[in-house]
Amino acid sequence: MQTLIRPSAKIRQNYNEISALCKETKSPVFLTKNGEGDLVVMDIEAYNERERTLALREKLVEIEEKRLAGRPDFNLLISRSLRMNNEPVLSLQGYKRGIPCL
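My numbering puts the first residue of the sequence shown at -18, with every later residue one more than the last.
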(Lines of atoms letter the chains of each structure in order from A and count residues from 1; the text may use other names and numbers.)
(Lines give C-alpha, C1' and ligand atoms only; values in the text may rest on other atoms or scores of the structure.)
Protein backbone atom coordinates (compact mmCIF):
# COMPACT_ATOMS: atom_id res chain seq x y z
CA MET A 1 0.00 0.00 0.00
CA GLN A 2 1.42 3.32 -1.03
CA THR A 3 1.39 6.40 1.19
CA LEU A 4 -0.56 9.24 -0.38
CA ILE A 5 -0.06 12.67 1.18
CA ARG A 6 -1.90 15.84 0.15
CA PRO A 7 -2.31 19.28 1.74
CA SER A 8 -5.71 19.79 3.42
CA ALA A 9 -6.40 22.72 1.07
CA LYS A 10 -6.49 20.16 -1.76
CA ILE A 11 -9.65 18.54 -0.39
CA ARG A 12 -11.35 21.92 -0.08
CA GLN A 13 -10.32 22.89 -3.60
CA ASN A 14 -10.87 19.57 -5.34
CA TYR A 15 -12.87 17.05 -3.37
CA ASN A 16 -13.62 14.94 -6.47
CA GLU A 17 -9.92 14.40 -7.20
CA ILE A 18 -9.22 13.17 -3.65
CA SER A 19 -12.34 10.99 -3.72
CA ALA A 20 -11.30 9.42 -7.04
CA LEU A 21 -7.77 8.83 -5.72
CA CYS A 22 -9.15 7.00 -2.67
CA LYS A 23 -11.46 4.86 -4.79
CA GLU A 24 -8.84 4.02 -7.43
CA THR A 25 -6.02 3.12 -5.05
CA LYS A 26 -8.08 1.72 -2.15
CA SER A 27 -5.42 3.41 -0.01
CA PRO A 28 -5.91 6.05 2.67
CA VAL A 29 -4.93 9.61 1.77
CA PHE A 30 -3.14 11.54 4.51
CA LEU A 31 -4.01 15.23 4.63
CA THR A 32 -1.65 17.78 6.12
CA LYS A 33 -2.31 21.20 7.60
CA ASN A 34 0.61 23.62 7.87
CA GLY A 35 2.96 20.74 7.05
CA GLU A 36 1.70 18.54 9.90
CA GLY A 37 -0.48 15.43 9.70
CA ASP A 38 -4.13 16.37 10.20
CA LEU A 39 -6.59 13.83 8.74
CA VAL A 40 -6.77 10.51 6.95
CA VAL A 41 -9.53 9.85 4.39
CA MET A 42 -10.28 6.64 2.55
CA ASP A 43 -12.80 4.93 0.32
CA ILE A 44 -15.78 3.60 2.29
CA GLU A 45 -15.46 0.10 0.79
CA ALA A 46 -11.77 -0.04 1.71
CA TYR A 47 -12.66 1.15 5.22
CA ASN A 48 -15.36 -1.52 5.63
CA GLU A 49 -12.98 -4.23 4.40
CA ARG A 50 -10.34 -3.03 6.87
CA GLU A 51 -12.88 -3.15 9.70
CA ARG A 52 -13.92 -6.71 8.75
CA THR A 53 -10.28 -7.78 8.66
CA LEU A 54 -9.61 -6.25 12.08
CA ALA A 55 -12.69 -7.93 13.55
CA LEU A 56 -11.58 -11.30 12.17
CA ARG A 57 -8.08 -10.80 13.58
CA GLU A 58 -9.53 -9.99 16.99
CA LYS A 59 -11.57 -13.21 16.88
CA LEU A 60 -8.52 -15.22 15.89
CA VAL A 61 -6.49 -13.76 18.76
CA GLU A 62 -9.29 -14.59 21.21
CA ILE A 63 -9.56 -18.12 19.84
CA GLU A 64 -5.79 -18.62 19.96
CA GLU A 65 -5.70 -17.43 23.58
CA LYS A 66 -8.40 -19.96 24.46
CA ARG A 67 -6.55 -22.71 22.57
CA LEU A 68 -3.32 -21.91 24.41
CA ALA A 69 -5.20 -21.93 27.71
CA GLY A 70 -6.31 -25.49 26.94
CA ARG A 71 -9.97 -24.71 26.48
CA PRO A 72 -11.62 -28.05 25.57
CA ASP A 73 -14.29 -26.58 23.28
CA PHE A 74 -11.77 -24.80 21.06
CA ASN A 75 -12.87 -26.43 17.78
CA LEU A 76 -16.54 -25.67 18.45
CA LEU A 77 -15.78 -22.07 19.41
CA ILE A 78 -13.90 -21.27 16.23
CA SER A 79 -16.51 -22.86 14.01
CA ARG A 80 -19.47 -21.09 15.63
CA SER A 81 -17.75 -17.74 15.92
CA LEU A 82 -16.82 -17.56 12.27
CA ARG A 83 -20.11 -18.92 10.95
CA MET A 84 -22.09 -16.31 12.90
CA ASN A 85 -20.42 -13.58 10.85
CA ASN A 86 -20.40 -15.38 7.51
CA GLU A 87 -16.62 -15.67 7.66
CA PRO A 88 -14.84 -18.60 6.02
CA VAL A 89 -14.36 -21.45 8.48
CA LEU A 90 -10.72 -22.16 9.11
CA SER A 91 -9.30 -25.57 8.37
CA LEU A 92 -8.07 -27.04 11.62
CA GLN A 93 -6.48 -29.86 9.62
CA GLY A 94 -3.94 -27.40 8.27
CA TYR A 95 -3.24 -25.89 11.67
CA LYS A 96 0.54 -25.44 11.88
CA ARG A 97 2.71 -23.58 14.35
CA GLY A 98 -0.35 -21.99 15.94
CA ILE A 99 -1.50 -20.37 12.69
CA PRO A 100 -4.94 -21.36 11.39
CA CYS A 101 -5.11 -21.94 7.63
CA LEU A 102 -8.02 -20.92 5.43
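Every residue, glycine too, gets a C-beta built ideally from N, C-alpha and C.
Give the straight-line distance between the Cα atoms of Arg(-7) and Ile(-1), rounded to the nearest whole angstrom. In the sequence shown, counting from the first residue as 1, residue -7 sits at position 12. In the sequence shown, counting from the first residue as 1, residue -1 sits at position 18. Their Cα atoms are separated by approximately 10 angstroms.
Option nearest Asp24 by Cα separation, candidates Glu43, Lys47 and Ser8: Your numbering for residue 24 matches position 43 in the sequence shown. Measuring from the Cα of Asp24, the nearest candidate turns out to be Ser8.
Cα separation between Ala36 and Ala27? For this step, residue 36 is matched to residue 55 along the sequence shown. For this step, residue 27 is matched to residue 46 along the sequence shown. If I take the Cα positions, the gap works out to 14 angstroms.
Which residues in the same chain have their Cβ closer than 6 angstroms to the Cβ of Lys14, if we skip the five residues on either side of it in sequence? Numbered from its first residue, the sequence shown carries residue 14 at position 33. Cβ neighbours of Lys14 beyond the five flanking positions: Ser(-11).
Residues near Leu20 in its chain [Cβ-Cβ closer than 6 angstroms; skip 5 each side]: Residue mapping note: residue 20 aligns to position 39 of the sequence shown, counting from 1. The residues are Leu12.
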